[in-house]
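Remarks on the structure that follows.
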Amino acid sequence: MVVFEELINNITNNINSSIETNSGSPVIFTALCIKETGSTRRELRRLYSQMVSPNGLTPQIEDLINYTSNRNEIIDIFKQFNPKFNRIYGKTFLEKEPEIEQFKETAFKKPLIYSGHPYYCPNGWRRYSLLIDNFKFNKDWPVAYHGTASKNLINILHEGLRPSEQKKGKHCAVFGDGFYFSPSIEYAEIKKSKTKGFYIQTVLQCRVKPETFKIRRETLLSDKSKQIDPNFKNSELEWLIPKDYITLLNISKSLNNSSKNDERFFIISGIMARLTKEDPKDLKMNFKNRYQIFDVLKYFSQINAITR
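Okay, so the sequence shown: first residue is 1 according to UniProt numbering, each after it adds one.
As structure tokens, this is what we get:
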């Protein structure tokens with residue numbers, strides 16, 4: 001038994017707490033942060049009862065303390081959410097949609113246009129909305145997406161999105177160092193992780209300042225005759241804000257908080273989440289009867305309870 005791995009699973013799963021966000025609305029979270037102090041003590045007692053040697057236990061306790069010390073930091077991160085604008089897009093196919101009261105059902109057949117760029121309804125996805133200061137200055141910015149693994153969300157919300165950099169031997173930052181986005185959620189969501197038989201996908205929904213980005217072709221297809229998203233040409237699937245263009249902007253230290261005079265080139269407006277039982281690459285574009293959507297922040301505790 002890997003004791004530390006089990007410990008981390010126990011203290012990061014089955015969270016049932018409510019936090020008052022800066023927007024004045026409660027946000028329910030059940031994962032990505034640790035349990036209350038009483039539960040932490042119970043986990044420590046359980047470790048001791050397993051007769052783990054002191055040498056083996058010490059680093060685990062140190063790591064647990066580090067997790068505990070980060071609790072307030074994590075709570076501050078969750079205060080950035082703005083549940084008033086949580087959305088669930090398009091039709092889902094569950095008999096009972098989990099936590100539906102936290103989301104407003106939203107659908108639109110025709111694309112919305114922001115600064116000349118279309119925004120298509122991201123059918124089948126949920127958005128956990130973030131609190132944005134002075135949104136009136138960004139409301140006309142085009143919508144774009146940045147794919148990331150769910151394990152990276154806390155770091156991104158705490159430290160900001162870092163620019164992609166070219167690395168020898170790796171397929172990344174093909175068009176140079178900078179911030180990469182896509183107007184297509186289907187292109188951005190290629191990253192996935194598999195846990196307990198489910199595929200989890202998370203995508204950052206962003207607003208990108210007009211005329212700051214360069215439009216580039218897709219870089220992932222081996223068969224260039226295929227079209228990734230019927231709403232977009234393959235030649236316009238990557239948007240790049242070059243790193244050199246924003247050298248003077250310390251974007252990693254300021255996520256969405258700014259004053260009128262701050263110069264920002266993009267903002268993160270929400271976290272998009274989708275969970276499927278089958279490999280996402282096998283899903284059809286209309287998603288009909290092909291997937292199930294769950295609350296990504298409650299899914300971990302539900303699956304953990306079933307498999308115990």
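All C-beta atoms in this analysis are idealised placements derived from N, C-alpha and C, irrespective of residue type, glycine included.
Extent of the continuous alpha helix (DSSP H) run through Ile132: Position 132 of the sequence shown holds residue 132. Looking at the DSSP string, Ile132 is not in any alpha helix (DSSP H), and its letter there is neither H nor E.
Proximity to Pro142 [Cα-Cα], best of Asn231, Pro118, Leu161, Thr148: By 1-based counting over the sequence shown, the position of residue 142 is 142. Selected option, being the one with the closest Cα: Pro118.
Simplified DSSP state of Leu94, which is helix, strand or coil: The residue given as residue 94 occupies position 94 in the sequence shown. The predicted position of Leu94 is uncertain, since its pLDDT is 47 and thus under 50; a value taken from the coordinates is nonetheless stated next. Coil.
Close Cβ partners of Gly176 (< 8 Å) along its chain, the five nearest in sequence each way excluded: Reading the sequence shown from its first residue, position 176 is the one you call residue 176. These residues qualify, in order along the chain: Gln166, Leu240, Pro242, Lys243.
Backbone secondary structure at Leu248 - three-state DSSP: Here residue 248 refers to the residue found at position 248 when the sequence shown is read from its first residue. Reliability fails at Leu248, whose pLDDT of 45 lies under 50, so the model's placement of it is uncertain and the value that follows must be treated cautiously. Three-state result, Leu248: coil.
Own chain residues within Cβ distance below 6 Å of Asn231, not counting five before or after: The residue labelled residue 231 in the question sits at position 231 within the sequence shown. So the list reads Tyr120, once near-sequence residues are dropped.
Bridge-paired residues (DSSP) for Glu186: Counted from its first residue, the sequence shown places residue 186 at position 186. The partner list for Glu186 (beta bridge, DSSP) is empty, contrary to what the question assumes.
Which of helix, strand or coil DSSP assigns to Pro83: As a working note, residue 83 is residue 83 in the sequence shown. Pro83: helix per DSSP, three-state reduction.
Within 8 Å, strictly: CB atoms of Leu130 and Gln201: Position 130 of the sequence shown holds residue 130. Position 201 of the sequence shown holds residue 201. Against a cut-off of 8 Å, the Cβ pair of Gln201 and Leu130 comes out as no contact.
Reduced DSSP category for Ile228 - H, G, I as helix; E, B as strand; rest coil: By one-based count along the sequence shown, residue 228 stands at place 228. Correct three-state label for Ile228: coil.
Endpoints, beta strand (DSSP E) assigned at Leu240: Position 240 of the sequence shown, counted from the start, is the residue given in the question as residue 240. Per DSSP, Leu240 belongs to the beta strand (DSSP E) from 238-242.
DSSP beta-bridge partners of His117: For the purposes of this step, residue 117 is taken as residue 117 along the sequence shown, with counting starting at 1. Beta-bridge pairing links His117 to Tyr114.
8 Å Cβ cutoff met for Leu112 and Ile268: Taking the first residue of the sequence shown as 1, we reach residue 112 at position 112. Taking the first residue of the sequence shown as 1, we reach residue 268 at position 268. Contact flag unset, no.
Best match in Pro183, Gly270, Glu278, Lys151 for proximity to Ile228 [C-alpha to C-alpha]: Along the sequence shown, read from residue 1 onward, the residue named residue 228 stands at position 228. The shortest Cα separation from Ile228 among Pro183, Gly270, Glu278, Lys151 belongs to Pro183.
Nearest candidate by alpha-carbon position, reference Phe179, set Gly147, Asn152, Asn155: The residue labelled residue 179 in the question sits at position 179 within the sequence shown. Answer by Cα proximity: Gly147.
Counted within 10 angstroms of its Cβ, other Cβ atoms place Ser225 as buried (16 or more) or exposed: Stepping through the sequence shown from its first residue, residue 225 is reached at position 225. That one is exposed.
For Glu159, three-class secondary structure by DSSP: The residue labelled residue 159 in the question sits at position 159 within the sequence shown. Reduced to three states, the DSSP call for Glu159 is helix.
8 Å contact criterion, which Leu237 and Arg217 should meet: CB distance rounded: If you number the sequence shown from 1, residue 237 lands on position 237. If you number the sequence shown from 1, residue 217 lands on position 217. Confirmed, about 7 Å.
Same chain only: Cβ atoms within 7 Å of Phe108, ignoring 5 sequence neighbours per side: One-based indexing of the sequence shown puts residue 108 at position 108. Once the five neighbours on either side are set aside, the close Cβ partners of Phe108 are Cys121.
DSSP beta-bridge partners of Leu153: Taking the sequence shown and counting its residues from 1, one reaches residue 153 at position 153. BP columns for Leu153 are empty, so no partner.
Backbone secondary structure at Phe103 - three-state DSSP: For the purposes of this step, residue 103 is taken as the residue at position 103 of the sequence shown. If DSSP states are grouped into helix, strand and coil, Phe103 belongs with coil.
Classification of Gly270 by the beta-carbon crowding that lies within 10 angstroms, buried from 16 upward: Looking up residue 270 in the sequence shown gives position 270. Counting the other Cβ atoms within 10 Å of the Cβ of Gly270 gives 16 or more, which makes it buried.
Cys206 vs Ala273 beta-carbon contact at 8 Å: Taking the first residue of the sequence shown as position 1, residue 206 is located at position 206. Taking the first residue of the sequence shown as position 1, residue 273 is located at position 273. Result no, Cβ atoms of Cys206 and Ala273 do not sit closer than 8 Å.
Paired residues, beta bridge with Ser164 - DSSP: By 1-based counting over the sequence shown, the position of residue 164 is 164. According to DSSP, which records beta bridges pairwise, Ser164 is partnered with Gly178.
Ile185 versus Asn155 - alpha carbon distance: Along the sequence shown, read from residue 1 onward, the residue named residue 185 stands at position 185. Along the sequence shown, read from residue 1 onward, the residue named residue 155 stands at position 155. If you take the alpha carbons of Ile185 and Asn155, they lie about 21 Å apart.
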